[in-house]
Amino acid sequence: MRLLGISAFHRASAAALVVDGKPIACIEEDRFTKRLQDEAFPTRAARACLAQGGLQMRDLDGIVFYEKPLRKFERVMATQLSAFPKSARSFSRNMFLWLGDRLWMKNRIADELEFPDTDRIFFTEHQMAHAAAAYYASPFEEAAVLVLDDSGEWATSSLSAGKGTQLSTLAEIHFPHSLGLFVSAIAQYLGLEPGAQDHFLEGLASYGTPRYLEIFEGLAPCGPEGSFSIDMEAFRYDFDHETLFTEKLEALLGPARLGTSPLRYETADCRDADVAASLQALIELRGLELAGELHKRAPSENLCFGGRLATNRGLCSRLLKDGPFQSIYVPPECDDAGAAMGAALYVEYANSTNSERFPQSTPWFGMPIEAHPEEGAQELSDPHQTLLSKLLDGERVAWVRAEFELGLRSQGHRSLLCDPRPPEARTSLQETVQVAEPFLPIRLLVPEEHAADYFELPTGAQAALEMAQLCVPAKDKLKSAAPSAVAPNGSAWPQVVRAETDPAMHRLLLEFGEATGLPLLLHETFALRGAPIVRVEADAYEAFNRTTLTSLIVENRLYTRR
Amino acid sequence: MKLFDYFAMPRYRAMWNDPVRKVRTLESFGMTEDDGGRDLLSAAKRVSDPELLHHIVRHGKEEMMHGELFRARAAELRASSQVEGGLREDFSDKSTDMLRAREVEVDGHGFYDGSLFDSMGEVAYVAMVHVVEQRAMATFELHMRCLTDDPKTTELFKRLAVDEKYHISYTGKILERWRKEGREQEVAKALKEARRSTVLGGWKRLGVRSAGGFGRVLLYLMYWTAMLPIGLISKGRKMPAGWREPRGERDPAKNVASQY
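The listed protein sequences correspond, in order, to chains A and B.
Heads up: the first sequence runs through residues 1 to 562, numbered per our numbering.
Heads up: the second sequence runs through residues 563 to 822, numbered per our numbering.
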């Protein structure tokens, strides 16, 4: 079957093309609109996916939307009414949106994509789209599947079991008991933008101690059989999308941080870092309990982990280290953009006899680079050698090649690289792309054969290590060789590079290692603050001009600035 | 002043008097100018006429520079007024996505698209740029009138107006040249089309805003009338915690066809 998956209207919207179970393309709309995590209907992304597969809209066997609109509407209506009369304002806003647009999703899809056959527009449950993205792309023949997300229809967390091409849900936890929304509410409490900056909390947590854990355990207590609930007296995200927490949270943790005041994490008062560390500890505890229950209901050595919280590297590492599973797989993009692919995969395997699956260990689902030389381009006969010599000279270099990545992070095709040895290497590289949060961690590229020299590596996580989805303890050798890449809690963020998957990057690391004795490179995504990963050469050139970088290499062209 | 603009003035005044909306508006103008610049530069790659190419490249770069200037002014105001947060959408903004519209304050620009040059052809494209720039100029003048106590931002608009004049002038000259080359009908048709779509676009936006506001008022009234009894019954109803059984097995084909 030729299926187009669609996710939209909640963070990054995306389209994914799946042909006979094989993911051909998965592209976020923000790559075209340049608005980071754009949630607009992914018309351009859909057309780009089809172009990637050499298909026209009429060639498709179906379009799959990643949630069930009527069921979600039921949840929105029920939660608005249960918050009566506090929900007066949000009711009119929500209902306007739903009655005016979201309820008519089938027609909207047909109109936007000029796909008149509405009988071939399908819908999956949101959790199932995440579970399918995690399971069908995994290398496992059978696995237990955990999804921890913010919200979809009713379910916010789910346990599933997969075997062959069969995937079935075993149990669910329903809205408003949501760990994803709990994290967003705490992000807002700490003056961060909920949703968009939730991932800051994990970086912040490494600077703190979990001294508020007891309070957090009261806010999200453990329930029967490994489940959990959320104390909704401290939160109001169930009906209000502007202020997600109540005075009760402030009474427990102190006044919320205003966005203009500095984050407290390095001073004598580490309150903000301690709140983040307590949240991280709680998420890991609840995650382990849920994983324990999942293992009881679906005994397996393998865990597939999807949904928003699967982006939390500390949680993934903890599940592997202390949980009942021997192996873990996290899909290349576990948030809603990846769910577009999951939706299409689910329909493929639920509605056909196809038994062939295609494991994915890279996120290169974008289009090949559109290379048109910009002003001042110099053609290179050996771009690899130029890149290596610039890195050896201590330069920070942007390297752009081949297909762009799905998700927020580059996997090596839209990258900023530099020598990790100087103590200021991390801040220097992050400042290049306007990262203004010095507590955010940075990735270290390491060739597979040298990874164990520098990191305490877990077993059973090859794909997760390749896709930089785990944080692991740094060995002393790393602490002394690349001190800026090690977090205050002694952890580091490796991205293991295999020769089979990315021969060019692998070779670069080995040659850099031969010359310096350290086969590691610091790696940051080539995307300016508030903008998505660069897509084409023109984007890369424009971004380059807005940075303090001195060299940009796009395929075999070099741009320099003095 | 057009009737349309006359009615827009109170809204613009209110917007410029609110420090948060002012900063957000300047930031959104910055984004729109960036988009315009990027799309013009992208279109420039498809232009073969050397005179047009020279102007379009300059135009594109100026739009990008306008984006920078808007953002710089927004940053100054943000720093001085301690405005929190960035250009963040809320639910009311999301509703404009229905017509694939931008932020409500964005006007004049925001009509460009990199692929338009190919799909429209050079005459229609230049005519559209010409009409859109005229509209942008009028909008900037309107904003200047509403900005009563901010000389720096007014100065910024004045500076931009000089560039807008150039944009209107060069597109006008190119269109005039094509007219003289025997393409009068093509140029006239393209200008008529561009003006019609700009006017229609304006009325559509006005329609969406009015309908949106009216619709929300109606829904608010409905909340306190028709929904009142249901609300009182449902009030405080707690959603149960703990594990829930998934919905019963359904035929896969029926399941994926259903929106519920």
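Ideal placement from N, C-alpha and C gives every residue a C-beta, glycine not left out.
In this text, all values refer to a predicted model and were calculated from it rather than measured experimentally.
Name the DSSP bridge partner or partners of residue i?
i       : result
T525(A) : S415(A)
C316(A) : Partner(s): none; C316(A) has no beta bridge.
F626(A) : Only positions 1 to 562 of chain A appear in this structure, which leaves residue 626(A) out of reach.
S355(A) : Per DSSP, none; premise fails for S355(A).
Q378(A) : L558(A)
F455(A) : A474(A)
E142(A) : K163(A)
G342(A) : Its beta-bridge partners do not exist; DSSP assigns none.
W740(B) : The partner list for W740(B) (beta bridge, DSSP) is empty, contrary to what the question assumes.
V18(A)  : L3(A), P23(A)
S158(A) : V147(A), E172(A)
Which residue marks the beginning of the alpha helix (DSSP H) containing residue i, and which one marks its end?
i       : result
Y135(A) : 126 to 136
W614(A) : Any property of residue 614(A) remains undetermined from this structure, which presents chain A solely from 1 to 562.
W576(A) : With chain A running from 1 to 562 in the structure shown, residue 576(A) is simply not present.
K22(A)  : Looking at the DSSP string, K22(A) is not in any alpha helix (DSSP H); the run it does join, the beta strand (DSSP E), is 22 to 28.
L508(A) : 503 to 516
A425(A) : 425 to 432
In whole angstroms, what is the alpha-carbon distance linking residue i and residue j?
i       : j       : result
G164(A) : A298(A) : 14 Å
F228(A) : D150(A) : 14 Å
H729(B) : R758(B) : 20 Å
R257(A) : A492(A) : 28 Å
V275(A) : L179(A) : 16 Å
P420(A) : S410(A) : 18 Å
D38(A)  : I533(A) : 13 Å
L416(A) : K800(B) : 49 Å
K390(A) : R396(A) : 8 Å
K720(B) : D601(B) : 24 Å
T267(A) : P255(A) : 18 Å
M822(B) : F91(A)  : One point to set straight first is that residue 822(B) is Tyr, not Met, in the sequence displayed. One C-alpha to the other measures close to 21 Å.
D711(B) : V694(B) : 28 Å
D737(B) : R35(A)  : The sequence shown places Leu at residue 737(B), rather than the Asp named in the question. Whole-angstrom Cα-Cα distance: 34 Å.
E214(A) : L290(A) : 19 Å
V76(A)  : A576(B) : 33 Å
A171(A) : L303(A) : 16 Å
R308(A) : Q378(A) : 42 Å
L704(B) : H628(B) : 18 Å
L718(B) : L263(A) : 34 Å
E665(B) : A40(A)  : Below a pLDDT of 50, predicted positions are generally treated as unreliable, and E665(B), at 35, falls in that range; the measurement from the model is reported next regardless. Going from the Cα of E665(B) to the Cα of A40(A) covers about 13 Å.
A531(A) : S261(A) : 24 Å
E555(A) : C316(A) : 34 Å
E431(A) : E405(A) : 22 Å
K797(B) : T459(A) : 51 Å
Can you say whether residue i is buried or exposed, counting buried as having 16 or more other CB atoms within 10 angstroms of its CB?
i       : result
A815(B) : exposed
E651(B) : Only weak support exists for where E651(B) lies, its pLDDT of 38 falling under 50; the value from the coordinates is given anyway. It counts as exposed.
N312(A) : buried
T828(B) : Absent from the model: residue 828(B). The displayed extent of chain B is 563 to 822, so no value can be given.
H616(B) : exposed
R561(A) : exposed
V818(B) : buried
K477(A) : exposed
E117(A) : Position check: residue 117(A) holds Asp in this sequence, whereas Glu was assumed. Exposed, by the Cβ-count rule.
R691(B) : Position check: residue 691(B) holds Val in this sequence, whereas Arg was assumed. Buried, since its Cβ has 16 or more Cβ neighbours within 10 Å.
P359(A) : exposed
E375(A) : exposed
Say yes only if the C-beta of residue i is nearer than 7 Å to one or more non-hydrogen atoms of the ligand PLP, and no if none qualify.
i       : result
L303(A) : You won't find the ligand PLP in this model; it holds no ligand whatsoever.
Where does the unbroken beta strand (DSSP E) through residue i begin, and where does it stop?
i       : result
E225(A) : E225(A) -> no beta strand (DSSP E), and no H or E assigned at all.
E172(A) : 166 to 174
Y329(A) : 327 to 329
R443(A) : 443 to 447
R2(A)   : 2 to 7
V693(B) : Counting along the chain, V693(B) falls outside any beta strand (DSSP E), though it belongs to the alpha helix (DSSP H) covering 684 to 708.
> On the three-pair Cβ rule with 8 Å, is the region 55 to 68 of chain A touching the region 333 to 348 of chain A?
Replying inline: yes
> Just checking, does the region 82 to 94 of chain A make contact with the region 775 to 789 of chain B on the three C-beta pairs under 8 Å criterion?
Replying inline: yes
>> If contact is defined by three or more beta carbon pairs under 8 Å, each pair taking one atom from either stretch, is the region 518 to 529 of chain A in contact with the region 479 to 493 of chain A?
In response: yes
> Counting Cβ pairs closer than 8 Å, one from the region 103 to 122 of chain A and one from the region 138 to 146 of chain A, do we hit at least three?
Replying inline: no
> Taking three-plus beta-carbon pairs below 8 Å as touching, is the region 200 to 219 of chain A in contact with the region 144 to 158 of chain A?
Replying inline: no
>> Taking contact to mean 3 or more Cβ pairs, one atom from each stretch, closer than 8 Å, check whether the region 505 to 519 of chain A and the region 16 to 33 of chain A are in contact.
In response: no
> Are the region 317 to 324 of chain A and the region 348 to 358 of chain A in contact at 8 Å, needing three or more beta carbon pairs?
Replying inline: no
>> With a threshold of 8 Å, are at least 3 pairs of Cβ atoms found where one atom belongs to the region 120 to 127 of chain A and the other to the region 47 to 66 of chain A?
In response: yes
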